[in-house]
Amino acid sequence: MDFLSILIGKTIILFSRTFNLGSGSTWPGHIALKLNQNFCRNILSKSKAIKIVVAGTNGKTTTGKLIASVLKASQKTYAHNVAGANLLNGLASELIQNSTLFGRIDKDYLIFESDEFALPQILENVNPDYLICLNLFRDQLDRYGELDSIAKRWKNSIDKHDSITLILNADDPLITYLGENRKNKFYFGLDGKENLKRLKHGADSIFCPKCSTRLTFEKVYFSHLGIWRCGNCQFERPKPTIIRASFYPLDGIYNKYNTIAANLLLNKLRFNNDQIVEGLKKFKPAFGRQEKISYKGKAINLFLAKNPTSFNESLATIMDLRAENILIVLNDRIPDGLDVSWIWDIGIERILDSDINIMVSGDRTYDMALRLKYAGIFFHSEENLENAINSMVDNLDSDEKLYVLPNYSAMLDVRKILLGRKLL
Amino acid sequence: MKIKTLIIGWLYPELMNIYGDIGNIVALVKRCQWRDVRAEVKMLNPDFDYKQLDDCDLLLMGGAQDRQQTIVNNDLKRVKKYLKNKIDDGTPGLYVCGGFQFLGNYYKESDGTIVDGIGIFDLYTENPGGKSERLIGNMIFKPKVKGLTLPVVGFENHGGRTYLGKNIQPFGEVIVGFGNNGEDKTEGAIYKESFGTYAHGPILPKNPEFADYLITKALERKYNSKIELKPLDESLEEKARIAIAKRLGVNL
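Same order as they appear, the protein sequences are chains X and Y.
Just so you know, we're using the numbering used here here: the first sequence kicks off at 26 and counts up by one.
Just so you know, we're using the numbering used here here: the second sequence kicks off at 3 and counts up by one.
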């Protein structure tokens with residue numbers, strides 16, 4: 026049965042690549058699971074690969090890629106699911122693509138990034154050796170539900186799998202709580218030296234996950250990440266095993282977290298610091314995550330901005346890079362969440378300098394336009410994305426860059442225009 | 003001319019602010035400032051001094067996560083009497099989603115547990131649970147209020163179904179979407195000058211006619227005179243509403 030699934034799946038992958046129909050990142054898995062719902066378990070039970078699952082609202086794809094670039098530089102073999110194909114069918118597709126026809130996987134490592142909602146199901150099917158939990162922020166309330174209910178689901182699911190080694194963010198109270206009452210857990214955090222002026226609004230989880238009292242923060246890095254404690258039940262930020270990395274390949278505080286998390290995992294896998302640094306130096310960003318694309322001879326930088334925290338941090342990072350031309354693209358399709366009210370939770374008026382050339386576009390051009398109007402920021406708007414991009418690019422001086430802040434499906438649209446075809 | 007001041011009481015800003023509710027505050031404040039009306043926001047967090055309500059000309063409350071709703075529910079019981087007086091007295095207010103449900107008689111959870119509301123609005127809410135889906139999506143409704151002529155465009159996301167009693171009027175009639183319960187085409191509620199609604203999005207920036215209505219009522223009540231707010235450019239707001247209406251097949 027699995028032989029058949031793999032055969033069909035591999036054929037679909039070959040077909041879709043040959044005819045450029047997309048990379049076939051979910052369909053093969055979807056069919057395999059229809060034929061046998063234990064498909065992933067079966068294949069994985071025959072594999073000796075070390076299995077790593079990465080979860081979190083922001084940074085999963087980047088963290089997976091950071092780990093992968095170190096594995097690659099150390100000549101290890103690995104499989105990593107395609108960005109965005111992070112439900113069970115994406116996992117099954119990853120397995121089909123990387124197995125022999127007889128379902129054997131000859132890889133040293135399997136990296137799987139998991140959707141927030143799918144995590145319990147993924148853990149059931151994978152029973153990974155390591156689980157990295159990066160953070161939990163407000164994202165897509167219409168799809169995921171509220172933050173607390175996601176955290177509760179995660180905790181219940183993780184408690185059923187006590188052999189997993191947990192790599193957890195000490196600075197996020199909801200993530201710290203996942204390690205409560207269990208062994209095999211290691212924490213990462215920041216070293217407290219970050220110099221921060223922003224935040225306050227958009228703090229998603231400022232209540233104690235144990236007793237619901239308001240937490241006190243000695244330091245806030247962004248949103249609700251920081252050095253925290255509960256004055257009532259004494260639950261507090263655990264001392265992290267690791268608080269810095271020797272080398273950071275990407276800008277932004279959020280990427281410091283991703284890099285430190287990858288370092289902690291790689292330490293546990295017994296990679297030494299030289300190997301890690303060497304691998305990270307070869308890192309290439311994932312689609313749309315600080316990706317640099319050349320278009321009409323101009324430099325375009327894509328900074329995915331898909332929820333309030335991701336938007337705030339991407340914006341703050343490009344301000345540090347002295348961005349002067351910004352295109353914001355807001356869509357409201359299924360992968361983005363249909364509800365765009367989150368744009369009112371971004372702190373745009375506190376982060377943005379006034380003399381910047383800004384254009385807004387996307388399905389929800391005018392919602393974003395209103396957000397900027399009420400922030401007292403001058404902007405241009407153009408519903409047609411291609412026209413918006415071209416009008417920005419044509420007005421750039423040769424040494425100027427265009428920074429694009431798109432949410433998820435908008436990022437895919439932007440790439441398609443810049444690269445002339447769909448690449449995901 | 004003496005400068006007018008509007009004091010907005012934001013009930014539980016840290017706990018009841020999950021759906022970009024701050025956008026409603028921003029819209030009110032800016033629209034006042036653009037007319038040279040001073041706007042102040044009082045943050046009414048749990049354990050606030052109920053006497054602060056006396057100073058408020060306009061009240062706002064948004065939605066929240068479950069855990070946070072419990073904290074708010076307990077605190078609301080403490081100030082119930084004062085809040086009721088304030089609302090009965092005609093203080094304008096906007097209560098969105100969770101805030102709207104709290105003002106009703108009760109909320110029946112999917113397991114049958116009854117959570118008491120503070121009973122200012124004659125309505126109750128039930129979460130059918132089980133296989134019943136949350137009511138989620140873009141919505142348009144026609145307000146049934148003198149002075150509001152434009153359809154309101156918003157986004158709803160609620161598990162509870164709300165049913166109005168005899169002593170309360172719906173805010174409007176659903177054109178597209180679910181509204182209070184997905185059955186009777188009613189959306190929201192009006193009691194005196196207080197509005198309950200499931201429309202977030204947030205509702206006020208995109209529906210400035212309603213934002214100005216609340217500001218006008220609040221100022222008229224405070225200064226005891228007829229107020230005519232200076233018209234503002236609303237072309238972006240209109241484009242934002244039309245973009246959604248077009249997609250939903252509605253001619254605004």
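We put the CB at the ideal spot given by N, CA and C, even for glycine.
This one's a predicted model, so the numbers in the text were calculated from it and none came from an experiment.
Nearest candidate by alpha-carbon position, reference residue i, set the options
i	options	result
X:Asn292	X:Lys132, X:Asp345 and X:Ile192	X:Ile192
Y:Gln54	Y:Glu42, Y:Gly64 and Y:Gly65	Y:Glu42
Y:Gly11	Y:Asp38, Y:Leu46 and Y:Asn26	Y:Leu46
Y:Arg249	Y:Tyr200, Y:Val81 and Y:Val155	Y:Val155
Y:Phe7	Y:Asn19, Y:Leu60, Y:Ile122 and Y:Gln103	Residue identity check: residue 7 of chain Y is Thr in the sequence provided, not Phe. Looking at the Cα atoms, Y:Leu60 is the closest of the given residues.
Y:Tyr200	Y:Ala213, Y:Ser237, Y:Ile142 and Y:Gly251	Y:Ile142
X:Ala286	X:Gly401, X:Leu377 and X:Ala93	X:Ala93
Y:Leu137	Y:Ala242, Y:Arg243 and Y:His202	Y:His202
Y:Val74	X:Ala110, X:Leu156 and X:Arg239	X:Arg239
Y:Leu166	Y:Ile122, Y:Lys133, Y:Gly65 and Y:Lys208	Y:Ile122
Y:Thr162	Y:Pro210, Y:Phe102, Y:Ile9 and Y:Glu16	The sequence given here has Gly at residue 162 of chain Y, not Thr. With distances taken between Cα atoms, Y:Gly162 lies closest to Y:Phe102.
X:Leu421	X:Gly128, X:Arg389 and X:Lys323	X:Lys323
Y:Gly119	Y:Tyr109, Y:Asp113 and Y:Glu128	Y:Tyr109
Y:Gly149	Y:Pro210, Y:Gly100 and Y:Gly190	Y:Pro210
Residues of its chain near residue i, where Cβ-Cβ distance is below 6 Å and the 5 sequence neighbours each way are ignored
i	result
X:Ala117	Gly54, Ala57, Leu58, Phe64 and Cys65
X:Ile183	Leu203
X:Pro431	Val354 and Val439
X:Lys331	Asn432 and Tyr433
X:Leu444	none
X:Gly89	Val79, His105, Ile136 and Glu138
X:Leu148	Ser182 and His186
X:Arg358	Ser434
Buried/exposed call for residue i, threshold 16 Cβ in 10 Å
i	result
Y:Leu234	exposed
X:Arg295	exposed
Y:Tyr21	buried
X:Glu205	exposed
X:Cys236	exposed
X:Leu60	exposed
X:Lys210	buried
Y:Glu158	buried
Y:Ser227	exposed
Y:Pro130	exposed
X:Thr82	buried
X:Cys158	buried
Y:Cys58	buried
X:Phe336	buried
Y:Ser237	exposed
X:Lys447	Note that X:Lys447 scores 49 on pLDDT, short of 50, meaning its location in the model is unreliable; the coordinates nonetheless yield the value given after this. Per the 10 Å Cβ criterion, exposed.
X:Phe40	exposed
X:Asn280	buried
X:Asn450	Because chain X spans 26 through 449 in this model, residue 450 of chain X falls outside it and cannot be assessed.
Sequence-distant residues of the same chain with beta carbon closer than 8 Å to residue i, five excluded per side
i	result
X:Ile175	Glu141, Phe142, Leu161 and Tyr169
X:Gln165	Asn332, Asp361, Gly362 and Asp364
Y:Arg223	Asp59, Gly92, Thr93, Pro94 and Glu195
X:Glu411	Ile442
heavy atom of the ligand HEM below 7 Å from residue i C-beta
i	result
X:Asn123	In terms of ligand content, the structure shown is empty, and the ligand HEM therefore cannot be addressed.
Residue(s) in a DSSP beta bridge with residue i
i	result
X:Trp253	X:Phe242
Y:Asp118	Y:Tyr108
X:Ser406	X:Val385
X:Phe247	X:Leu250
X:Phe137	X:Val78
Y:Trp12	Y:Met45 and Y:Leu62
Y:Gly174	Y:Pro145 and Y:Glu189
X:Cys158	X:Ala80 and X:Leu193
Y:Ser196	Y:Gly95 and Y:Tyr193
X:Asn326	X:Lys317 and X:Tyr428
Close beta carbons around residue i, own chain, < 7 Å, minus the five adjacent residues each side
i	result
Y:Lys194	Ile89, Asp90 and Gly92
X:Asn288	Ile267, Ala270 and Ile301
X:Gly251	Asp196, Phe242, Lys244 and Val245
Y:Leu96	Asn26, Leu62, Phe197 and Leu216
X:Tyr428	Asn326, Phe328, Ile343, Ala348, Asn350 and Ile351
Y:Trp36	Leu234
Y:Ile244	Leu254
Chain C residues whose Cβ lies nearer than 7 Å to that of residue i
i	result
Y:Phe157	In summary, chain C is missing from the structure at hand, where the protein chains are X and Y.
query: Is the region 165-178 of chain Y touching the region 217-225 of chain Y, taking contact as three or more C-beta pairs under 8 Å?
result: By the C-beta criterion, the region 165-178 of chain Y is judged not to be in contact with the region 217-225 of chain Y, since fewer than 3 inter-stretch pairs fall below 8 Å.
field: Three-pair Cβ contact test at 8 Å for the region 132-151 of chain X versus the region 300-316 of chain X
entry: As far as the Cβ criterion goes, the region 132-151 of chain X does not touch the region 300-316 of chain X, which means the pair count is below three.
message: Three Cβ pairs or more, each shorter than 8 Å: is that satisfied between the region 363-375 of chain X and the region 332-344 of chain X?
response: Cβ pair count under 8 Å is three or more, so yes.
- prompt: Counting pairs of Cβ atoms below 8 Å between the region 108-115 of chain X and the region 27-41 of chain X, do you hit three or more?
  reply: No, the region 108-115 of chain X does not touch the region 27-41 of chain X.
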